[in-house]
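Structure record follows, encoded as structure tokens.
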Amino acid sequence: MLVKTILNNIEKFKSFVYGKIYWERVGGENSLIVDLLARRNSRGECAVCGKNCPTYDTQPSRNYEYVPLWGIKVYFRYSPRRVRCKNDGIHVERLPWAEGKERTTKSYQSFLARWAKRLSWKETANAFRTSWESVYRAVKWVVDYGA
Ligand SMILES: [Zn+2]
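In our numbering, the protein residues as written are 19 to 165.
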């Protein structure tokens, strides 16, 4: 089974599709990069009002850390569009997998927060080789949004 098939089963986004999946060294570590692409002819969502708006421009790609697979770090990679909203002006589009400027996906934040109930935040960070700050933000996000 392909990783893409697994992702399409567990984490499918209406307006985005998975592209290539490949190895790349990130922070000195072999990681799986999962390209995400906006569906053709789709419009980005205004981050303020949630309306679909025309694209203003496209920003350089960013990595969003996903739940590790077999201990391998996994990142979604996407080039966010800036959209021009009639009411709210130009903003980076709202993405279904990450909140605002956050570089950790919601799925991984939920995962970390669940472990942080059983372990200390430091132990959780060590177990998944992430930072204490990432665990802190994950717990905060889950508490704030009840995810
Ligand atoms: Zn708007």
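Positions of the beta carbon are idealized from the N, C-alpha and C atoms, including for glycine.
Apply the 10 Å Cβ neighbour rule to A56 and answer buried if 16 or more other Cβ atoms are within range, or exposed otherwise. Around the beta carbon of A56, 16 or more other beta carbons sit within 10 angstroms, so the residue counts as buried.
In this structure, how does DSSP classify N26 when only helix, strand and coil are distinguished? In this structure, N26 counts as helix in the three-state DSSP scheme.
Coil, strand or helix - F34 by DSSP: Residue state for F34 is assigned as strand, using DSSP reduced to three classes.
Starting from the Cα of R136, find the closest Cα among T122, F94, E120 and V153 and give me that residue. A check of alpha carbon separations from R136 across T122, F94, E120 and V153 identifies V153 as the nearest.
Residue from R147, E141 and T123 with nearest C-alpha to A156: Distance from the Cα of A156 is smallest, within the candidate group R147, E141 and T123, for T123.
Cβ of V66 versus every heavy atom of ligand 1: is any distance shorter than 8 Å? Taking non-hydrogen atoms of ligand 1 into account, the C-beta of V66 is found less than 8 Å away from one of them.
Inspect the beta-carbon positions of C67 and R102 and report whether they are closer than 9 Å. no
Could you please give me the residues that DSSP links to K158 through a beta bridge? Answer by DSSP bridge pairing: none, since K158 is not bridged.
Going by the beta-carbon positions, is the gap between D75 and R95 smaller than 9 Å? no
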